[in-house]
Amino acid sequence: MLGHDPSAPQWHRVRRGIYVNRVAFDKLPPWRKYAVRVHAFVRLHPDAVLCLESAAVLLGLPLSDEPRDIHVYDPDRSASRRFGDVCVHTSSDPREVIQVGGVFVTGMLDTTVDLARVLPPAFALAVVDAAIAPAQGGTLTSELLQHHASAQQNQRGVAQLRWLWAHADPRSESTGESISRAVIEWCGFPTPVLQITFHYDGCTDRVDFLFEATKTIGESDGWVKYKMQKDPQRATELLKEEKRREDRLRRRGHPFARWELRDVLRVTPLGDALHAASVRRVRPSQAGMLATLRDRRRQARGSLR
1 MLGHDPSAPQ WHRVRRGIYV NRVAFDKLPP WRKYAVRVHA FVRLHPDAVL
51 CLESAAVLLG LPLSDEPRDI HVYDPDRSAS RRFGDVCVHT SSDPREVIQV
101 GGVFVTGMLD TTVDLARVLP PAFALAVVDA AIAPAQGGTL TSELLQHHAS
151 AQQNQRGVAQ LRWLWAHADP RSESTGESIS RAVIEWCGFP TPVLQITFHY
201 DGCTDRVDFL FEATKTIGES DGWVKYKMQK DPQRATELLK EEKRREDRLR
251 RRGHPFARWE LRDVLRVTPL GDALHAASVR RVRPSQAGML ATLRDRRRQA
301 RGSLR
């Protein structure tokens with residue numbers, strides 16, 4: 001903020017001496033608010049090395065909420081420290097430090113493994129899926145992540161890591177898809193096939209999930225992507241096109257289930273949508289794993305050791 005009165009109600013203080021428009025800031029989704037906070041911190045501390053969720057902001061790894069803390073890596077400290085909302089982490093394992101847009105961060109490999117250890121499992125899966133996705137250039141694989149993690153002295157979250165390496169899939173195209181896959185499994189539903197393409201009536205239709213036994217199609221973004229269109233006319237056209245697509249697939253014997261991320265996090269709406277589309281549970285639900293969804297704001301505390 002330049003040339004304005006910071007005490008005026010239209011300004012929101014992000015950090016000492018850094019203000020943003022309050023109305024615009026309040027409209028941002030939680031993870032974008034966090035990105036604003038991270039960039040404000042870096043502006044005041046340009047030599048800091050970001051790690052964990054703060055590094056994820058620069059590396060393009062997904063966050064589903066607004067973390068409480070800014071995370072900084074300092075290998076020269078003898079112990080981790082907290083300074084207000086800033087956690088300074090130490091580690092017995094070295095970290096690669098790179099620059100992204102002039103900002104120092106731990107590298108993609110280290111950041112992904114660190115987050116895989118500390119985030120709740122469904123949200124960690126979204127990070128791992130994104131890291132190994134073709135959009136990241138295909139340089140990381142679940143095997144490489146597993147090898148890197150096993151070579152570290154850090155033993156935190158070993159059981160969770162085993163689950164992640166077994167379930168990571170580069171075909172997942174969004175945070176919602178990754179978290180949906182985890183919850184579908186924990187609810188006891190059959191494992192769907194990802195990103196299947198159908199060719200009906202001269203059209204090519206690709207779907208998020210296919211439950212093969214019942215031919216049920218699952219779409220994890222519901223209608224939200226159409227609601228987010230800024231142009232109402234374009235949104236209407238896309239909705240009509242999607243309705244034609246769904247009707248075409250239904251005519252070929254595919255029941256349809258749609259849900260949004262909020263439905264997944266509440267669990268029951270996702271289960272109801274699948275059940276209404278003829279998908280039945282094939283195993284007992286995992287109450288312990290489903291309970292981790294309520295821990296979505298779990299923070300990475302202490303050292304990275």
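The working numbering puts the sequence shown at residues 1 to 305.
Where a beta carbon is used, it is the ideal one built from N, C-alpha and C, also for glycine.
Residues in the same chain with beta-carbon distance under 6 Å from residue i, minus the five sequence neighbours each way, listed in chain order, please.
i    : result
D165 : In the sequence as presented, Asp is not what sits at residue 165; that position holds Trp. So the qualifying residues of the chain are S142, Q146.
Assign residue i to buried or exposed, taking buried as 16 or more other Cβ atoms, counted over all protein chains shown, within 10 Å of its Cβ.
i    : result
A159 : exposed
R181 : buried
A287 : exposed
S178 : buried
A291 : exposed
L2   : For L2, the predicted structure reports a pLDDT of 43, less than 50, and the residue's modelled location is therefore unreliable. The matter cannot be settled from this model.
V23  : exposed
How is residue i classed by DSSP in three states: helix, strand or coil?
i    : result
D208 : strand
L140 : coil
A124 : helix
T214 : coil
W259 : coil
T197 : strand
Q146 : helix
F104 : strand
Q153 : coil
F189 : coil
L50  : strand
R16  : coil
H254 : coil
Would you say residue i and residue j are within 9 Å of each other, going by their C-beta atoms?
i    : j    : result
V86  : F41  : yes
S54  : V105 : yes
V38  : L58  : yes
V279 : A257 : yes
R117 : A149 : yes
E66  : P30  : yes
T204 : A277 : no
L304 : Y73  : yes
Which residues in the same chain as residue i place their Cβ atom closer than 7 Å to its Cβ, once the five residues preceding and following it in sequence are excluded?
i    : result
R82  : none
L161 : A116, R117, A149
G302 : Note on G302: pLDDT 49, under 50, position unreliable in the model; no value is reported.
A35  : V57
Find the nearest neighbour of residue i within the set the options, judged by alpha-carbon distance.
i    : options          : result
S174 : Q152, L194, F189 : L194
R95  : G107, R234, G102 : G107
T191 : I18, D208, R77   : D208
R206 : A168, R258, E219 : E219
W259 : P269, R252, K27  : P269
T197 : V267, P284, H254 : H254
G84  : V49, R68, S91    : R68
G17  : P75, R266, L44   : L44
Leaving out the 5 sequence neighbours to the left and right, which residues in its chain are closer than 8 Å to residue i when beta-carbon positions are compared?
i    : result
A56  : P62, L63, T111, L115, V127
R244 : none
Please confirm whether residue i has its beta-carbon closer than 9 Å to some beta-carbon of chain B.
i   : result
I98 : Here chain B cannot be found, since the structure has a single protein chain.
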